[in-house]
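Residue numbers (this note's numbering): 8 to 171.
Right, dumping it as structure tokens:
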């Protein structure tokens with residue numbers, strides 16, 4: 008009798024766990040994928056429209072945001088090129104027959120430095136954008152940024168609002 012109740016209890020817990028897992032997967036992939044295009048526009052014109060509509064930007068604010076994005080794109084493009092070059096060097100250093108671990112560590116340090124530089128540029132970009140917005144717009148803007156980042160966690164470069 009005891010083993011019968013134990014078996015029923017195990018089956019019940021299995022059903023509950025499978026239900027919870029199914030719900031979690033549904034919300035993780037299905038619901039987020041439907042809302043991702045709303046939070047993370049694909050192109051700059053669409054991003055500008057979304058910013059203007061959701062934040063209620065004036066024409067002057069929108070123009071300043073565009074200029075800031077263009078300036079940031081110029082700065083980050085150089086860093087992206089350098090990162091790509093360093094990653095190629097790293098791959099070549101790893102593939103050589105006589106792997107030089109000191110050289111690999113130096114290249115990794117250079118990559119780390121470039122990534123930190125990129126991070127600082129993006130943070131400065133966001134702070135500059137923040138200065139253009141009023142307090143209510145700032146709250147809405149950073150809520151949009153956080154939503155965009157959470158939906159593109161697997162590939163954060165997908166968010167147009169934060170990149171070129």
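All C-beta atoms in this analysis are idealised placements derived from N, C-alpha and C, irrespective of residue type, glycine included.
Every value quoted in this text rests on a predicted model; they were computed, and no experiment measured them.
| query | result |
| --- | --- |
| Assigned secondary structure, residue 98 (DSSP; H/G/I helix, E/B strand, else coil) | helix |
| Test item: CB-CB of residue 114 and residue 100 under 9 angstroms | yes |
| Segment contact flag, the stretch 143 to 152 with the stretch 62 to 69, C-beta cutoff 8 angstroms, min 3 pairs | yes |
| Exposure label - residue 8; buried when at least 16 CB within 10 Å | exposed |
| Range covered by the alpha helix (DSSP H) that runs through residue 27 | 9 to 32 |
| Endpoints, the alpha helix (DSSP H) within which residue 134 is located | 108 to 139 |
| Integer Cβ distance of residue 56 from residue 86, believed to fall under 8 angstroms | The pair is not a contact, with the Cβ atoms about 28 angstroms apart (cut-off 8 angstroms). |
| Residue environment, residue 54, which counts as buried when at least 16 other CB atoms sit within 10 Å | buried |
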